[in-house]
Amino acid sequence: MTLDPNKYRQDFPILSEKIYGKPLVYFDNGATAQTPTQVTDVMVEYYNKYNSNIHRGVHYLSNKSTDGAENARLKVQGFINAEHSHEVIFTAGTTESINLVANSFGERYIFEGDEIIVSEMEHHSNIVPWQMLCQRKKATLKVIPFNDNGELMIEKLEDLITDRTKILSVNHISNSLGTINPIKEIIDFAHSKNVPVLIDAAQSIQHKKIDVQALDADFLAFSGHKLYGPTGVGVLYGKEEFLNEMPPWQGGGEMIQEVTFEKTTYNELPFKFEAGTPNYIDIIGLGAAIDYVEAIGLEAIDAYEQELLEYATEKFRAIPKLKIYGTAKNKTSVISFLVEGVHFFDMGTLLDQMGIAVRTGTHCTEPVMQHFGIEGTVRASFAFYNTKEEIDVLCAGVEKVCKMFGVKQA
Amino acid sequence: MCDESHISKFISHIYKKMTINEIQEEIIEEFAGFEDWMDKYAYLIELGTDLSGLDAEYQTEQNLIKGCQSKVWFNAKLEEGIVKLEADSDAIIVKGIAALLIRVFNNQTPESIMNADLKFIDEIGLKQHLSPTRSNGLVSMVKQIKMYGLAFNHKVNN
Chain P
6 MTLDPNKYRQ DFPILSEKIY GKPLVYFDNG ATAQTPTQVT DVMVEYYNKY NSNIHRGVHY
66 LSNKSTDGAE NARLKVQGFI NAEHSHEVIF TAGTTESINL VANSFGERYI FEGDEIIVSE
126 MEHHSNIVPW QMLCQRKKAT LKVIPFNDNG ELMIEKLEDL ITDRTKILSV NHISNSLGTI
186 NPIKEIIDFA HSKNVPVLID AAQSIQHKKI DVQALDADFL AFSGHKLYGP TGVGVLYGKE
246 EFLNEMPPWQ GGGEMIQEVT FEKTTYNELP FKFEAGTPNY IDIIGLGAAI DYVEAIGLEA
306 IDAYEQELLE YATEKFRAIP KLKIYGTAKN KTSVISFLVE GVHFFDMGTL LDQMGIAVRT
366 GTHCTEPVMQ HFGIEGTVRA SFAFYNTKEE IDVLCAGVEK VCKMFGVKQA
Chain G
2 MCDESHISKF ISHIYKKMTI NEIQEEIIEE FAGFEDWMDK YAYLIELGTD LSGLDAEYQT
62 EQNLIKGCQS KVWFNAKLEE GIVKLEADSD AIIVKGIAAL LIRVFNNQTP ESIMNADLKF
122 IDEIGLKQHL SPTRSNGLVS MVKQIKMYGL AFNHKVNN
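Sequences listed follow chains P and G, in order. 276 is the number that my numbering gives to position 271 of the first sequence; each next residue is one higher, with no gaps. 158 is the number that my numbering gives to position 157 of the second sequence; each next residue is one higher, with no gaps.
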């Protein structure tokens, strides 16, 4: 039974908004997915009834907020099937999660002459922290290339991995191409060479069921705002064996055991990596978002989004002079495209005038653009609350823009 | 009654040269005639297509104002006390707005550019394109034009 988006659209008040007097068509889900009232209600309730700084409080409110945040940790643990709840570290988002690993793991394990592997289709967040580390440690960054369909050439790993390779960090799903990468295969191969793997799950956590134990991922990072949760909250999953060995990254409250001016001892996991007041209301919101997604079911969500992808791909292919970037066999509901003779900025600006929200530019993946020799693309990314009718509106919009630019239509 | 504004109006009348404000008013009037956004943007596309742009030799790194959405190339020079402006962009709508900016500022004195109050963008409903968060290069272009006004004015007076 296919998911019916209309059953859920009312959960997202923003979807009924009008933009310049036209109904909003929101196709920028890959950047930020919308948040249902089931999530915002919980957050408002906490603000209105229980708001108080968590941990180490003796009073009722503090305990209530602490329970809320720690329950959210258990929800995340269950959601990604981590073995221990203390392997779930709350961060500000995927970017901070990756920076945490680059800094802390890097401090402990990476030295001059060592090598780090990423892929050509990474978001800048999974490139720059490693480059900064390489600069500090005089290490080398190596890159897994992709083919013109946007599929990783993982056979190259054989040559790329050496005995100096200390970590491999790769995305599960490409934000600009939509490619679903074979992460199980990558992890297995890397592990056969004793190389730990970080998975950037920013673009997959909302589409695919992730089981960190089945994958045997060493680290996994994702953000709340792409999972129908609040902004400013994210997760770093790390295997206990690594997290225990890694030094704290940021110092402050919460992460300490004992402080004197001579010496400070650090708290246990997960608190060792959560310096300062945690973003607890957003953390609680993230827990509510997981409840929401699990109630619908990721499999149903994914199946329906695949339907949207197929529908949109077929319609797009019928538009003359339109080229889709990212044509991997395994793709998620993301379409990056360009129309010959129409700059992506112009396309995005005019679609915006029609109430259609798409993202334009490099999508923080400049190397992907360099691969194709382009400056950027227009990206439409679909969520389970989107409809085929909305895709029709997008296609009509694209055709209208083509007409304005005098691009010959069939 | 012989204050400065009267004199400048008188002078511009003699030379039939419009002031920055007169050109802005003219543009605002033009845009008021458009019934919906489609006409407005179609006009911008037309302006962008018609703007001769910059020769390849001027499309240099130095003249490039790079936004992460589009590129703007921009060239300014001072000829006999008058500022000459040229611009180009890879995005047509951006180029269309650049054409409007050129229409307003080209052939003006450094001083009038320096002191100009740029209001037409707001009034013709294109404010979004000039908000600082828009990385299309236009914001930097306006800043650059003003900077040139300032620098050339210094040159003229020294």
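Don't be surprised by glycine CBs; every beta carbon is placed ideally from N, CA and C.
Coil, strand or helix - residue i by DSSP
i	result
Trp-74/G	strand
Met-2/G	Here the model assigns Met-2/G a pLDDT of 44, short of 50, so the residue's position is not dependable and the matter cannot be decided.
Glu-404/P	helix
Leu-119/G	coil
Thr-100/P	helix
Ile-115/P	coil
Leu-50/G	Inspection of the sequence shows that residue 50/G is occupied by Thr rather than by Leu. If DSSP states are grouped into helix, strand and coil, Thr-50/G belongs with the helices.
Pro-111/G	helix
Gln-370/P	A quick correction: the sequence has Thr, not Gln, at residue 370/P. Thr-370/P falls in the coil class under three-state DSSP.
Gly-73/P	helix
Gly-150/G	helix
Ala-100/G	helix
Ala-385/P	strand
Ile-340/P	strand
Gln-262/P	strand
Phe-95/P	strand
Asn-61/P	The residue asked about is misnamed: residue 61/P is Arg in this sequence, not Asn. Reduced to three states, the DSSP call for Arg-61/P is coil.
Tyr-31/P	strand
Rounded straight-line distance, which links the Cα of residue j to that of residue i
i	j	result
Pro-18/P	Val-217/P	33 Å
Phe-75/G	Lys-41/G	24 Å
Arg-61/P	Glu-101/P	25 Å
Ala-88/G	Ala-100/G	8 Å
Val-133/P	Gly-34/G	49 Å
Glu-371/P	Asp-119/P	25 Å
Asp-351/P	Glu-27/G	25 Å
Ile-94/P	Phe-32/G	54 Å
Leu-313/P	Leu-232/P	18 Å
Ala-97/P	Gln-136/P	21 Å
Lys-12/P	Ile-210/P	22 Å
Thr-71/P	Tyr-149/G	58 Å
Glu-36/G	Tyr-44/G	12 Å
His-128/P	Ala-207/P	10 Å
Thr-367/P	Ala-385/P	13 Å
Asn-58/P	His-177/P	35 Å
Ile-114/G	Phe-106/G	7 Å
Ile-115/P	Ser-53/G	54 Å
Asp-9/P	Tyr-309/P	8 Å
Lys-334/P	Arg-141/P	38 Å
Val-202/P	Glu-47/G	52 Å
Leu-291/P	Ser-130/P	21 Å
Met-409/P	Met-39/G	9 Å
Gly-257/P	Leu-241/P	19 Å
Lys-54/P	Val-63/P	17 Å
Cβ-based burial, residue i [other Cβ within 10 Å; buried from 16]
i	result
Gln-262/P	exposed
Asp-56/G	exposed
Asp-168/P	exposed
Gln-82/P	buried
Met-158/P	exposed
Arg-113/P	exposed
His-416/P	Nothing can be reported for residue 416/P, as the shown portion of chain P is limited to 6 through 415.
Lys-336/P	buried
Ser-341/P	buried
Gln-375/P	exposed
Ala-300/P	exposed
Tyr-65/P	exposed
Asn-5/P	Residue 5/P falls outside the range modelled here, since chain P spans only 6 to 415, and no answer is possible.
Asp-287/P	buried
Leu-138/P	buried
Asp-123/G	exposed
Val-157/G	exposed
Met-2/G	For Met-2/G, the predicted model reports a pLDDT of 44, less than 50, meaning its position is unreliable and no value from the coordinates is stated.
Ala-219/P	exposed
9 Å Cβ cutoff, residue i in contact with chain B
i	result
Val-63/P	Checking the listed chains, one finds no chain B in this structure; the protein chains it contains are P and G.
Discussion item. Any C-beta of chain P within less than 7 Å: which residues of the region 86-109 of chain G qualify?
Written reply: Asp-91, Ala-92, Ile-93, Ile-94 and Val-95
Item to complete: Run through the region 135-194 of chain P for me and flag every whole beta strand (DSSP E) of 3 or more residues, listed as ranges in chain order.
Response: 145-149 and 170-176
Worksheet item: Any residues in the region 33-60 of chain G with a beta carbon nearer than 8 Å to a beta carbon of chain P? Which ones, in chain order?
Response: Trp-38, Met-39, Tyr-42, Ala-43 and Ile-46
Practice prompt. For the region 362-373 of chain P, enumerate the residues whose C-beta is nearer than 8 Å to any C-beta of chain G, in chain order.
Written response: Thr-365, Gly-366 and Thr-367
Item to complete: Scan the region 334-361 of chain P for residues whose Cβ lies nearer than 9 Å to a Cβ of chain G and list them as they occur along the chain.
Response: Val-347, His-348, Phe-349, Phe-350, Asp-351, Gly-353, Thr-354, Leu-355, Asp-357, Gln-358 and Met-359
Worksheet entry | Where the region 377-392 of chain P meets chain G: residues whose CB sits under 8 Å from a CB there | Glu-380 and Gly-381
Worksheet item: Between the region 21-39 of chain P and chain G, which residues of the former have CB atoms less than 9 Å from a CB of the latter, in chain order?
Response: Tyr-25
Fill in: Any beta strand (DSSP E) of 3 or more consecutive residues that is wholly inside the region 193-232 of chain P
202-205 and 224-228
Worksheet item: Hey, which unbroken runs of the beta strand (DSSP E) at 3 residues or more fall wholly within the region 263-315 of chain P?
Response: 269-271
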